[in-house]
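Trainee: Sending over a structure as C-alpha cells; questions will come in a sec.
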Amino acid sequence: MGEAKTGRIFSGVQPTGNLHLGNYLGAIKNWIALQDEFECIYCVVDLHAITVPQEPVILRRAIREVAACLIASGINPEKSILFNQSRVPQHAELAWIFNCVARLGWLNRMTQFKEKAGKNRENATVGLYAYPTLMAADILAYRATHVPVGEDQKQHLELTRDIAAAFNSMFDSEFFPLPEPQIQKTAARVMSLRDGSSKMSKSDISDATRINLTDSADEIAQKIKRAKTDPEPLPSEAKGLEGRPEATNLVGIFSGLSGRPAEDILSEYGGQGFGVFKPVLAELCVSQIAPISLEMNKLLEQPDEIDRLLEKGAAQAQAIAAPILAEVKQLVGFSG
Ligand code: AMP
Ligand code: TRP
7 MGEAKTGRIF
17 SGVQPTGNLH
27 LGNYLGAIKN
37 WIALQDEFEC
47 IYCVVDLHAI
57 TVPQEPVILR
67 RAIREVAACL
77 IASGINPEKS
87 ILFNQSRVPQ
97 HAELAWIFNC
107 VARLGWLNRM
117 TQFKEKAGKN
127 RENATVGLYA
137 YPTLMAADIL
147 AYRATHVPVG
157 EDQKQHLELT
167 RDIAAAFNSM
177 FDSEFFPLPE
187 PQIQKTAARV
197 MSLRDGSSKM
207 SKSDISDATR
217 INLTDSADEI
227 AQKIKRAKTD
237 PEPLPSEAKG
247 LEGRPEATNL
257 VGIFSGLSGR
267 PAEDILSEYG
277 GQGFGVFKPV
287 LAELCVSQIA
297 PISLEMNKLL
307 EQPDEIDRLL
317 EKGAAQAQAI
327 AAPILAEVKQ
337 LVGFSG
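The opening position of the sequence shown corresponds to residue 7 in my numbering, with each subsequent residue numbered one higher.
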C-alpha cells in the first residue's frame, strides 16, 4: 500500500433481495477499486430494509447473503470494514439528532420516497419518510468524505450535505465534512433488460428484467439473448443512440463491464445487428458475473464464518463511530 490514504469512503446496500448487475456496475465495482487507495467502510443497511415490511427469517438470511455476495464480488474484509448497520447503535442515535436538524420541506422533495410510497402515502411508514436522515447518519457517523453510489442516490447525498452544513452552522462548528458523491461515468444507471426506461431493480416482479449476481452462466446468457432491443443495427457513434433506450442500456452495460468507452465499442460494432453484439456481451457478462455466485455459495456453506466477519467489522466500525458520537453529543449540549 505504501502511500498515505486520504479521505474515508462509506457506502451501503440494502439486504432486500438479490444483488444485481445495476448494483455491481453502479456501485460495487467502484467499491472494490477504492479499497486499495482509501479507508473503506461498507455497510449492509438492515435498518433501512425495515422501512418497508420484512419477514424476519428472510431478512436474517438476506443480510448474510448480501455480505457473502459482496465478499464474493471482491470486497476484502481484511482491507475494508464490512458489517451490518443494526449492530452499530451510533447510526440510529445520530439519525435521531439529524431528524431534529433536517426540515420537513427538505424531505418532502425526495423523489425516492414518492416512488416507494406510491399512491397510498398515508400508509407509508415514518421510517420510509425519514430514510434519508438515517442515510446521512450512516455516512457522517464516520465523518466519511466520499460516497460511491449509483445515480439514483444523488439526491440523498445532496440532502446529506445539507444536513452536515446545517448541523455545522447550528452548533457553530466545522465538525462534519460535506461528503462528495462518487458516481461512475459509465453504467451509473443500469436499466431493466425488458424496458429501457425503468431502472434495473431488486423489487421488479419479473426476474427477466435483471441479471442477478446469483444467476448461473446459462441464466445470464439467456437473459441477455432475450433482452429487449430495436430492429436497427448499432450506430457507429454515441449520438446515434439517442431515442434508443434499450440499445443505450446494452452498450452502457458493455462499457461498464469492459471498462471501454461507448465510442470505442460503437466504432467496433457500429453497423452490426444485435445478433452479433449480444453473444459477445453475454460472454463478457458471464465471465465476470458467473464466478461470483460460485464463490458466494461456497461462503454460504459457512454461515458462522460470515457472522464472525460481520461481528468483527461491526467492532471496527464502532471504534470509529463511538468517539465521533461522543463529540456530537457534546456539541448538542447533552451531558455525560
Ligand atoms: P440498493 O440496492 O438500492 O441498496 O442500492 C445499492 C447501490 O446500488 C446504490 O449505490 C445504488 O445507487 C446502486 N444501484 C441500484 N440500482 C442501480 C441501477 N439500476 N443502476 C446503477 N446503480 C444502481
Ligand atoms: N440508500 C441507499 C440505496 O438504496 C443505501 C444506503 C443506505 C447508502 N445508507 C447509505 C448508500 C449510505 C451510501 C451511503 O441504495
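Here a beta-carbon is modelled for each residue, glycine too, at the ideal position from N, C-alpha and C.
(1) Compare the beta carbon distance of L316 and A73 with 9 Å and say whether it is the shorter of the two.
(2) Taking Q161 as the reference, which of P183, T254, I330, N114 has the closest Cα?
(3) Measuring alpha carbon to alpha carbon, tell me which of L134, N218, D52, T220 ends up nearest T22.
(4) Quick one: Cα of D158 to Cα of E186, how far?
(5) Hey, is D158 close to the ligand TRP, as in C-beta under 8 Å from one of its heavy atoms?
(6) Please report the residue range of the alpha helix (DSSP H) in which V153 lies.
(7) Within 10 angstroms of its Cβ, does L263 collect 16 or more other Cβ (buried), or is it exposed?
(8) At a cut-off of 8 Å, is Q20 close to the ligand AMP when judged by its beta-carbon and the heavy atoms of the ligand?
(9) Ignoring anything shorter than 3 residues or poking outside the stretch 47-102, list the beta strand (DSSP E) runs there in chain order.
(10) Suppose the cutoff is 6 Å on Cβ atoms and the five residues either side in sequence are ignored; what does the same chain contact list for Q20 look like?
(11) Please go through the same chain and pick out, in chain order, the residues whose beta-carbon is closer than 7 Å to the beta-carbon of S17, but skip the five residues on each side of it.
(12) Below 8 Å, is the gap between the Cβ of G133 and the nearest heavy atom of the ligand AMP?
(13) Apply the 10 Å Cβ neighbour rule to P267 and answer buried if 16 or more other Cβ atoms are within range, or exposed otherwise.
(14) As an exercise, report each continuous beta strand (DSSP E) stretch of at least 3 residues that is fully enclosed by the stretch 183-267, in chain order.
(15) Just list the residues that DSSP pairs G18 with in beta bridges.
(16) Using alpha carbons as the reference points, say which of E289, K231, S273, N90 lies closest to G281.
(17) In the DSSP assignment, what are the bridge partners of H26?
(18) Quick one: Cα of R66 to Cα of R127, how far?
(19) Do P251 and M197 come within 9 Å of each other at the CB atom, strictly closer than that value?
(20) Does DSSP put A130 in a helix, a strand or coil?
(21) Are L165 and W102 close, meaning C-beta to C-beta below 9 Å?
(22) Is any non-hydrogen atom of the ligand AMP found closer than 8 Å to the C-beta of L287, if you look at the structure I gave you?
Mentor: To lay it out plainly:
(1) yes
(2) N114
(3) D52
(4) 15 Å
(5) yes
(6) Segment 152-154 is the beta strand (DSSP E) holding V153; no alpha helix (DSSP H) there.
(7) buried
(8) yes
(9) 87-90
(10) V51, H54, A55
(11) A33, W37, Y48, V153, P154, V155
(12) no
(13) exposed
(14) 186-188
(15) C49
(16) K231
(17) N218
(18) 27 Å
(19) yes
(20) coil
(21) no
(22) no
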